[in-house]
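Undergrad:
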Amino acid sequence: MEELRYESGIAGQPLHARLWRRASASQLLVLMPAAVSRESPNRHPAFARWRWADRFPDTHIVAFADPSMGLSEELRGAWFLHPEVDVLDGIARQVRAIAQTLGARSVLIYGSSLGGFGALATAALVPSAKALVEVPQLDFAHWHPGAVADVERHVLGMPLEEHRARQPHQVSVRSRFERAGRIPPYVIVTNVREDGFDEQIAFQRWVVDSQLERGNDLGGHELRVIDDVVGHRALGPVPASALILEQLRAIAD
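All residue numbers for the sequence shown refer to this note's numbering, where the first residue is 1046 and numbers rise by one.
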(Lines of atoms letter the chains of each structure in order from A and count residues from 1; the text may use other names and numbers.)
(Lines give C-alpha, C1' and ligand atoms only; values in the text may rest on other atoms or scores of the structure.)
Protein backbone atom coordinates (compact mmCIF):
# COMPACT_ATOMS: atom_id res chain seq x y z
CA MET A 1 0.00 0.00 0.00
CA GLU A 2 1.24 3.48 -0.87
CA GLU A 3 0.25 6.76 0.76
CA LEU A 4 0.29 9.49 -1.90
CA ARG A 5 0.04 13.27 -1.83
CA TYR A 6 -0.64 15.48 -4.81
CA GLU A 7 -0.84 19.25 -5.16
CA SER A 8 -4.50 20.22 -4.85
CA GLY A 9 -4.26 23.96 -5.48
CA ILE A 10 -5.79 24.59 -2.04
CA ALA A 11 -3.20 26.29 0.17
CA GLY A 12 -1.95 23.92 2.83
CA GLN A 13 -4.26 21.09 1.78
CA PRO A 14 -2.75 18.33 -0.38
CA LEU A 15 -4.86 15.81 -2.25
CA HIS A 16 -4.38 12.64 -0.22
CA ALA A 17 -4.68 9.23 -1.87
CA ARG A 18 -4.04 5.62 -0.95
CA LEU A 19 -2.99 3.15 -3.67
CA TRP A 20 -2.76 -0.63 -3.75
CA ARG A 21 -1.10 -2.06 -6.84
CA ARG A 22 -1.97 -5.61 -7.80
CA ALA A 23 0.21 -7.84 -9.95
CA SER A 24 -1.21 -8.53 -13.41
CA ALA A 25 -4.31 -6.39 -12.80
CA SER A 26 -5.78 -4.62 -15.82
CA GLN A 27 -8.50 -2.63 -14.03
CA LEU A 28 -8.52 0.24 -11.56
CA LEU A 29 -11.15 0.65 -8.84
CA VAL A 30 -11.47 4.20 -7.50
CA LEU A 31 -13.07 4.64 -4.07
CA MET A 32 -14.50 8.10 -3.48
CA PRO A 33 -14.81 9.62 0.01
CA ALA A 34 -17.90 9.65 2.18
CA ALA A 35 -19.31 11.90 4.89
CA VAL A 36 -17.72 11.47 8.31
CA SER A 37 -18.95 11.83 11.86
CA ARG A 38 -17.88 14.96 13.72
CA GLU A 39 -16.78 12.63 16.51
CA SER A 40 -14.61 10.49 14.23
CA PRO A 41 -10.93 10.41 15.31
CA ASN A 42 -9.91 9.96 11.66
CA ARG A 43 -11.78 12.79 9.97
CA HIS A 44 -9.14 13.85 7.44
CA PRO A 45 -7.70 12.33 5.44
CA ALA A 46 -10.31 9.58 5.56
CA PHE A 47 -10.44 6.83 2.94
CA ALA A 48 -13.96 5.46 2.71
CA ARG A 49 -14.31 1.69 2.43
CA TRP A 50 -10.57 1.07 2.28
CA ARG A 51 -11.19 -1.93 4.55
CA TRP A 52 -12.89 -3.53 1.56
CA ALA A 53 -9.67 -3.62 -0.46
CA ASP A 54 -9.02 -7.31 0.26
CA ARG A 55 -12.31 -8.15 -1.44
CA PHE A 56 -10.84 -7.16 -4.83
CA PRO A 57 -7.50 -9.00 -5.06
CA ASP A 58 -7.28 -8.82 -8.85
CA THR A 59 -7.82 -5.06 -9.20
CA HIS A 60 -5.65 -2.01 -8.61
CA ILE A 61 -7.35 0.18 -5.99
CA VAL A 62 -6.98 3.89 -5.25
CA ALA A 63 -8.94 5.86 -2.67
CA PHE A 64 -9.08 9.64 -2.43
CA ALA A 65 -9.83 12.06 0.38
CA ASP A 66 -11.48 15.43 -0.32
CA PRO A 67 -8.86 18.15 0.29
CA SER A 68 -11.58 20.67 1.16
CA MET A 69 -12.30 18.60 4.28
CA GLY A 70 -9.05 19.92 5.71
CA LEU A 71 -10.45 23.45 5.86
CA SER A 72 -12.53 22.94 9.01
CA GLU A 73 -13.08 20.34 11.71
CA GLU A 74 -16.76 21.29 11.65
CA LEU A 75 -17.35 19.68 8.25
CA ARG A 76 -18.94 16.27 7.84
CA GLY A 77 -18.56 16.57 4.07
CA ALA A 78 -17.35 19.23 1.63
CA TRP A 79 -18.80 17.86 -1.63
CA PHE A 80 -15.50 18.58 -3.40
CA LEU A 81 -16.31 22.30 -3.44
CA HIS A 82 -13.91 25.23 -3.27
CA PRO A 83 -14.27 28.87 -4.33
CA GLU A 84 -11.19 28.80 -6.56
CA VAL A 85 -10.19 25.17 -7.21
CA ASP A 86 -12.02 22.47 -9.18
CA VAL A 87 -11.32 19.61 -6.80
CA LEU A 88 -12.93 16.93 -8.96
CA ASP A 89 -10.96 17.99 -12.01
CA GLY A 90 -7.82 17.48 -9.91
CA ILE A 91 -8.95 14.03 -8.78
CA ALA A 92 -9.80 13.06 -12.36
CA ARG A 93 -6.37 14.21 -13.50
CA GLN A 94 -4.72 11.88 -11.00
CA VAL A 95 -7.04 8.99 -11.88
CA ARG A 96 -6.04 9.33 -15.54
CA ALA A 97 -2.35 9.45 -14.63
CA ILE A 98 -2.55 6.47 -12.25
CA ALA A 99 -4.50 4.39 -14.78
CA GLN A 100 -1.92 5.16 -17.44
CA THR A 101 1.01 4.33 -15.15
CA LEU A 102 -0.56 1.03 -14.09
CA GLY A 103 -1.68 0.11 -17.59
CA ALA A 104 -5.29 -0.13 -16.44
CA ARG A 105 -7.52 -0.34 -19.49
CA SER A 106 -10.78 0.31 -17.63
CA VAL A 107 -11.69 2.26 -14.50
CA LEU A 108 -14.65 1.81 -12.15
CA ILE A 109 -15.36 4.79 -9.87
CA TYR A 110 -17.48 3.93 -6.84
CA GLY A 111 -19.10 6.12 -4.22
CA SER A 112 -22.30 6.63 -2.26
CA SER A 113 -24.16 9.81 -1.33
CA LEU A 114 -21.61 12.64 -1.65
CA GLY A 115 -19.11 10.09 -2.95
CA GLY A 116 -21.64 9.15 -5.63
CA PHE A 117 -21.93 12.82 -6.60
CA GLY A 118 -18.15 12.89 -6.98
CA ALA A 119 -17.95 9.55 -8.80
CA LEU A 120 -20.40 10.60 -11.50
CA ALA A 121 -18.63 13.91 -12.04
CA THR A 122 -15.17 12.33 -12.10
CA ALA A 123 -16.24 9.64 -14.58
CA ALA A 124 -17.23 12.38 -17.02
CA LEU A 125 -13.59 13.52 -16.99
CA VAL A 126 -11.97 10.08 -17.36
CA PRO A 127 -12.57 8.61 -20.85
CA SER A 128 -11.95 5.00 -19.76
CA ALA A 129 -14.25 5.15 -16.71
CA LYS A 130 -17.66 3.98 -15.59
CA ALA A 131 -19.37 5.18 -12.40
CA LEU A 132 -21.12 2.91 -9.91
CA VAL A 133 -22.96 4.99 -7.34
CA GLU A 134 -25.45 4.49 -4.53
CA VAL A 135 -28.06 7.06 -3.46
CA PRO A 136 -26.08 10.00 -4.90
CA GLN A 137 -26.77 13.67 -4.61
CA LEU A 138 -27.12 15.14 -8.10
CA ASP A 139 -27.33 18.82 -7.16
CA PHE A 140 -25.80 19.83 -3.85
CA ALA A 141 -28.20 22.76 -3.48
CA HIS A 142 -31.05 20.26 -3.06
CA TRP A 143 -29.38 18.48 -0.16
CA HIS A 144 -29.94 19.05 3.55
CA PRO A 145 -29.87 22.77 4.44
CA GLY A 146 -27.51 22.18 7.35
CA ALA A 147 -24.90 20.56 5.11
CA VAL A 148 -25.21 23.38 2.59
CA ALA A 149 -24.85 25.99 5.34
CA ASP A 150 -21.70 24.30 6.68
CA VAL A 151 -20.08 24.31 3.24
CA GLU A 152 -21.07 27.94 2.66
CA ARG A 153 -19.55 28.93 6.01
CA HIS A 154 -16.41 26.81 6.15
CA VAL A 155 -15.47 26.28 2.49
CA LEU A 156 -17.02 28.77 0.09
CA GLY A 157 -17.35 31.92 2.15
CA MET A 158 -20.39 32.83 0.06
CA PRO A 159 -23.93 31.58 -0.65
CA LEU A 160 -23.99 28.38 -2.68
CA GLU A 161 -26.10 29.99 -5.40
CA GLU A 162 -23.49 32.73 -5.80
CA HIS A 163 -20.87 30.04 -6.26
CA ARG A 164 -23.14 28.20 -8.72
CA ALA A 165 -23.38 31.33 -10.86
CA ARG A 166 -19.59 31.20 -11.22
CA GLN A 167 -18.96 27.43 -11.20
CA PRO A 168 -22.19 25.52 -11.95
CA HIS A 169 -20.30 22.30 -12.73
CA GLN A 170 -19.10 22.11 -9.12
CA VAL A 171 -22.68 22.09 -7.79
CA SER A 172 -24.62 19.95 -10.29
CA VAL A 173 -23.83 16.64 -11.98
CA ARG A 174 -25.88 17.68 -14.99
CA SER A 175 -23.83 20.87 -15.34
CA ARG A 176 -20.65 18.82 -15.00
CA PHE A 177 -21.74 16.52 -17.82
CA GLU A 178 -22.64 19.52 -19.96
CA ARG A 179 -19.28 21.15 -19.31
CA ALA A 180 -17.48 17.89 -20.13
CA GLY A 181 -19.59 17.46 -23.27
CA ARG A 182 -20.29 13.82 -22.51
CA ILE A 183 -22.30 11.47 -20.33
CA PRO A 184 -20.16 8.65 -18.95
CA PRO A 185 -21.58 5.16 -18.48
CA TYR A 186 -23.00 4.65 -15.01
CA VAL A 187 -25.18 2.59 -12.72
CA ILE A 188 -27.13 4.55 -10.10
CA VAL A 189 -28.45 2.31 -7.31
CA THR A 190 -31.34 3.75 -5.32
CA ASN A 191 -34.70 2.99 -3.70
CA VAL A 192 -38.13 4.59 -3.69
CA ARG A 193 -37.72 5.96 -0.14
CA GLU A 194 -34.37 7.60 -0.86
CA ASP A 195 -34.38 11.37 -0.20
CA GLY A 196 -33.32 12.20 -3.74
CA PHE A 197 -35.36 9.56 -5.58
CA ASP A 198 -37.56 11.99 -7.54
CA GLU A 199 -34.51 13.99 -8.57
CA GLN A 200 -32.75 10.81 -9.68
CA ILE A 201 -35.76 9.86 -11.82
CA ALA A 202 -35.79 13.32 -13.41
CA PHE A 203 -32.04 13.11 -14.02
CA GLN A 204 -32.40 9.74 -15.72
CA ARG A 205 -35.07 11.16 -18.02
CA TRP A 206 -32.78 14.06 -18.89
CA VAL A 207 -29.97 11.63 -19.74
CA VAL A 208 -32.25 9.61 -22.02
CA ASP A 209 -33.25 12.74 -23.92
CA SER A 210 -29.85 14.47 -23.91
CA GLN A 211 -27.91 15.00 -27.12
CA LEU A 212 -24.55 14.90 -25.33
CA GLU A 213 -21.94 12.37 -26.43
CA ARG A 214 -22.41 8.93 -24.86
CA GLY A 215 -19.15 8.13 -23.07
CA ASN A 216 -17.47 4.88 -24.11
CA ASP A 217 -18.12 1.18 -24.64
CA LEU A 218 -18.18 0.27 -20.92
CA GLY A 219 -21.94 0.26 -20.63
CA GLY A 220 -25.08 2.37 -20.72
CA HIS A 221 -26.93 4.53 -18.22
CA GLU A 222 -28.85 2.50 -15.67
CA LEU A 223 -31.03 3.60 -12.77
CA ARG A 224 -31.38 0.47 -10.65
CA VAL A 225 -34.19 0.62 -8.07
CA ILE A 226 -33.75 -1.93 -5.29
CA ASP A 227 -35.57 -2.84 -2.10
CA ASP A 228 -32.60 -4.23 -0.16
CA VAL A 229 -32.31 -0.95 1.75
CA VAL A 230 -34.83 1.78 2.50
CA GLY A 231 -34.17 5.51 2.65
CA HIS A 232 -30.86 7.32 2.30
CA ARG A 233 -28.69 4.31 2.97
CA ALA A 234 -26.02 2.46 1.03
CA LEU A 235 -25.68 -1.31 0.86
CA GLY A 236 -23.56 -3.10 3.44
CA PRO A 237 -20.07 -4.43 2.68
CA VAL A 238 -21.12 -7.84 1.34
CA PRO A 239 -23.83 -6.79 -1.16
CA ALA A 240 -21.95 -3.63 -2.14
CA SER A 241 -18.79 -5.63 -2.82
CA ALA A 242 -20.81 -8.07 -4.92
CA LEU A 243 -22.17 -5.12 -6.89
CA ILE A 244 -18.66 -3.74 -7.45
CA LEU A 245 -17.43 -7.16 -8.62
CA GLU A 246 -20.41 -7.41 -10.96
CA GLN A 247 -19.49 -4.11 -12.57
CA LEU A 248 -15.77 -4.90 -12.73
CA ARG A 249 -16.65 -8.06 -14.66
CA ALA A 250 -18.99 -6.09 -16.91
CA ILE A 251 -16.22 -3.69 -17.98
CA ALA A 252 -13.44 -6.29 -18.17
CA ASP A 253 -11.59 -6.67 -21.45
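Ideal placement from N, C-alpha and C gives every residue a C-beta, glycine not left out.
I need the DSSP call for I1143, collapsed to helix, strand or coil.
TA: The answer is helix: DSSP assigns I1143 an H, G or I state.
Undergrad: Which residues in the same chain have their Cβ closer than 6 Å to the Cβ of F1185, if we skip the five residues on either side of it in sequence?
TA: Hits under 6 Å: W1124, V1216.
Undergrad: What residues are listed by DSSP as bridge partners for A1062?
TA: DSSP lists L1049, F1109 as partners of A1062.
Undergrad: Return the first residue and the last residue of the beta strand (DSSP E) that T1104 is part of.
TA: Counting along the chain, T1104 falls outside any beta strand (DSSP E), and DSSP gives it neither H nor E.
Undergrad: Candidates I1289, A1287, G1276, L1076: which alpha carbon is nearest A1137's?
TA: Residue L1076 is the option with its Cα nearest to A1137.
Undergrad: Is the beta carbon of V1274 less than 8 Å from the beta carbon of L1268?
TA: In this structure, L1268 does not lie closer than 8 Å to V1274 by Cβ.
Undergrad: Quick one: give me the first and last residue of the beta strand (DSSP E) that L1177 is part of.
TA: Note, L1177: beta strand (DSSP E), 1174-1179.
Undergrad: Which residues share a DSSP beta bridge with T1167?
TA: Per DSSP, none; premise fails for T1167.
Undergrad: Hey, how far is the Cα of S1117 from the Cα of H1127?
TA: The alpha-carbon atoms of S1117 and H1127 are separated by roughly 13 Å.
Undergrad: Among the candidates H1089, A1176, A1247, whose CA atom is the shortest distance from the CA of V1232?
TA: Comparing Cα positions, the closest option is A1176.
Undergrad: Would the region 1246-1255 count as touching the region 1191-1199 if we require 3 or more Cβ pairs under 8 Å?
TA: No, they do not touch.
Undergrad: Say the cut is 7 Å; is the CB of D1254 nearer than that to a heavy atom of the ligand MN?
TA: The ligand MN is not part of the structure shown, which contains no ligands of any sort.
Undergrad: Leaving out five residues before and five after G1265 in sequence, what residues of the same chain have Cβ atoms less than 7 Å from its Cβ?
TA: So the qualifying residues of the chain are P1230.
Undergrad: Given that a residue counts as buried once 16 or more other Cβ atoms are within 10 Å of its Cβ, and exposed if not, what is S1085?
TA: S1085 comes out exposed.
Undergrad: On the DSSP bridge assignment, give the partners of D1184 in chain order.
TA: DSSP, once it has assigned bridges, lists S1217 as partnering D1184.
Undergrad: Taking C-alpha atoms, which residue in L1288, L1165, F1242 lies nearest to R1227?
TA: When only C-alpha atoms are compared, the closest one is L1165.
Undergrad: Which same chain residues end up closer than 6 Å to A1285 when comparing Cβ atoms and leaving out the 5 residues on each side of it in sequence?
TA: Closer than 6 Å at Cβ, skipping near neighbours: no residue.
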